[in-house]
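Residue numbers (full-length UniProt numbering): 1 to 264.
Notes for the one structure printed next.
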Amino acid sequence: APAVFTEAEFYQQSFNPRAYLEEYYSLSDSREWAVVFLKQNLRSLHKMFSLDEVRGDTLIDVGCGPTIYQLLSACEHFQEITALDYTDQNRRELEKWLKNEAGAFDWVPVVKYVCELEGDREKWAEKQEKLRKKVKQVLKCDVTKANPTGPMSLPPADCIVSTLCLEGACKDLPTFRSALRNIGTLVKPGGHLVMVTVLRETYYAFNNQVFSCLSLEKHEVKEAVEAAGFEVKFSEEQPTTVHDDCTNCSGVLSLVARRCPSAN
């Protein structure tokens with residue numbers, strides 16, 4: 001594990017989105033635990049975005065990285081999506097896929113798996129098209145700032161989704177709690193937060209580089225969400241077993257919370 005917190009600047013300089021995607025999202029047999037981990041998260045997202053109240057016009061994805069998996073179920077229930085990430089090369093990698101450019105990462109196996117969860121594996125091309133149309137903008141953000149998209153201000157959305165982001169971006173629990181308050185301002189009172197967070201992980205690694213992660217327990221995440229002005233509506237912890245040394249997480253928490261109407 002890294003002895004020090006991985007600062008934002010290190011991500012900006014050293015995070016290789018393509019290597020990250022190939023390590024964790026290629027659904028290849030050589031990385032069996034990564035396949036299990038991804039499919040588990042896809043099933044959780046499918047379940048959370050199937051909840052009746054998680055609906056609306058606008059969705060903001062906070063800390064999207066170079067990935068789209070977290071939007072595959074969501075895009076069936078929201079009309080306009082804004083994706084936010086700190087790292088320039090992650091946003092570029094995502095835009096490459098959104099614009100269907102040559103050399104973009106192949107998400108088809110992942111899209112097919114989600115379509116299978118929804119009952120029709122053959123709709124994968126349609127779903128890709130739908131998601132490409134619905135992502136309206138890809139912007140820089142910093143979750144440690146009071147206005148994460150500053151100097152620009154986004155109108156609060158009906159829902160925000162954040163997967164595997166805050167635990168990498170926050171060096172300690174107070175920063176994590178503060179980041180949740182910051183991203184909470186991006187959602188309307190009465191709107192929803194959908195979250196997937198790894199538990200008890202201190203690092204993840206790929207491409208011969210190690211990135212720090214804030215080790216969290218389920219109760220710490222739930223308390224931080226509540227302190228940010230949300231009421232937890234659904235939470236589920238699933239164990240994770242990793243058989244190699246690219247991470248040491250031992251669980252994943254999926255959570256849906258509603259922003260209290262009185263939240264300021």
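Just so you know, even glycine gets a beta-carbon here, dropped at the ideal spot from N, CA and C.
Distance between residue j and residue i (C-alpha atoms, nearest Å)
i	j	result
P155	F78	15 Å
K130	E116	16 Å
R132	A228	31 Å
M195	S235	9 Å
T185	D244	38 Å
N207	G150	32 Å
Residue closest to residue i, alpha-carbon to alpha-carbon, out of the options
i	options	result
P66	R258, Q13, A169 and E93	E93
K140	E101, Q12 and T6	Q12
V242	V62, Y204 and N208	Y204
H219	R177, F206, I183 and N182	R177
P148	W124, I183, R200 and A8	I183
V198	V210, Q209, S215 and V187	S215
S26	N248, S153, K47 and F105	F105
L21	G56, A8 and C64	C64
Y113	S250, K39 and E9	K39
H46	V232, V111, A19 and A146	V111
T247	G103, F211, V54 and M48	F211
L42	V138, E80 and I68	I68
T163	F10, G103 and A74	A74
Per-residue burial, residue i [other beta carbons within 10 Å of its own, 16 or more giving buried]
i	result
R121	exposed
A257	buried
E7	exposed
C-beta atoms of residue i and residue j nearer than 8 Å
i	j	result
T240	A157	no
P261	P189	yes
L98	V62	no
Beta bridge counterpart(s) of residue i as assigned by DSSP
i	result
residue 304	Residue 304 lies beyond the range of the chain shown here (1 to 264); nothing can be said about it.
A157	V187
Q238	V252
Q79	Note: Q79 sits in no beta bridge, so no partner.
H192	C159 and R258
Any chain C beta carbon closer than 8 Å to residue i
i	result
L216	The structure shown contains no chain C; it holds only a single protein chain.
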